[in-house]
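To start, the structure under review is shown below, and the notes come after it.
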Amino acid sequence: MHYVLKAMLAASLAVAGVTSAAAQSAPARGEYLAAIMDCAGCHTPGALFGKPDNERPLAGSEAGFQIPGLGIFHPPNLTPHPETGLGKWSENDIIKAVRGGVRPDGRQLAAAMPSHAYSKLTDADAKALAGYLKSLKPVPNQVPAPTGPTEKAKAPYLTIVMPQ
């Protein structure tokens, strides 16, 4: 009887379109994670201006974030483009960056990247996300270089202004 009820519940959920994380394919899981983590909200051209360029998803932003005392940082190109994106990064490099905020060269990512929140990704989810990013169409898009705290901005950026 227990097996019959379990089978009926599974069939009902399947008909309703509900699937477990384990039942999703890795690319579908990675795409889902990128969506709920809102990667496109920062890493898609135009998204920070309210007009995302859906022809270049996750290709990096022309608008940056100013972090007081550190400078201005632009969300990078997450597509696997070999020159302007993550094309030379391995899946493990991407996982280290997402979960730990560390680039393959050892540098810390900008504090605007919420790797502290993403550090809780399971191994399977981190691998699915990295695999999804590696599967994207490579899009050539060089984002502006970081600007030091005393340098003049060369591109648009968002900042926090404290009330006076």
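Per mature numbering (1 follows the signal peptide of the UniProt record, and there is no 0), the sequence shown runs over residues -21 to -1, 1 to 143. We treat Cβ as the ideally placed atom computed from N, Cα and C, and that holds for glycine. Predicted model only: the values in this text are computed from it and were never measured.
message: Does asparagine 71 pass the burial test, meaning 16 or more other C-beta atoms within 10 Å, or should it be called exposed?
response: exposed
- prompt: Does DSSP put glycine 80 in a helix, a strand or coil?
  reply: coil
query: Taking Cβ positions, are tyrosine 111 and glutamate 10 nearer each other than 9 Å?
result: yes
query: Expressed to the nearest angstrom, what Euclidean distance is found between the alpha-carbon atoms of leucine 12 and aspartate 104?
result: 8 Å
- prompt: Going by beta carbon distance, what residues of the same chain come within less than 6 Å of glycine 50, once the five residues before and after it are set aside?
  reply: Pro125, Thr126, Gly127 and Pro128
- prompt: Under the rule that 16 or more other beta-carbon atoms within 10 Å means buried, what is methionine 92, buried or exposed?
  reply: buried
message: Which of the three DSSP states is assigned to proline 125 in this structure?
response: coil
- prompt: Can you give the Cα-Cα distance for proline 142 and glutamine 45, rounded to whole angstroms?
  reply: 17 Å
- request: Figure out for me which residue from Ala90, Ser94 and Ser69 has the closest Cα to the Cα of proline 83.
  value: Ser69
task: With isoleucine 15 as the anchor, note down where its beta strand (DSSP E) starts and where it stops.
output: Premise fails: isoleucine 15 lies in the alpha helix (DSSP H), 5 to 15, not in any beta strand (DSSP E).
- prompt: Could you give the uninterrupted runs of the beta strand (DSSP E) lying entirely in the segment 24 to 92, keeping only those of 3 residues or more?
  reply: 43 to 46 and 50 to 52
- prompt: With respect to the alpha helix (DSSP H) encompassing lysine 131, which residues constitute its N-terminal and C-terminal limits?
  reply: No alpha helix (DSSP H) contains lysine 131, which DSSP labels as neither H nor E.
- prompt: Whose C-beta lies closer than 8 Å to the C-beta of glutamine 87 among residues of the same chain, with five residues either side of it excluded?
  reply: Gly80 and Val81
- prompt: Which same chain residues, not among the five before or five after glycine 20, have their C-beta less than 7 Å away from its C-beta?
  reply: Ala26
field: Assigned secondary structure, leucine 137 (DSSP; H/G/I helix, E/B strand, else coil)
entry: strand
- prompt: Taking C-beta to C-beta, are leucine 115 and leucine 108 nearer than 9 Å?
  reply: no
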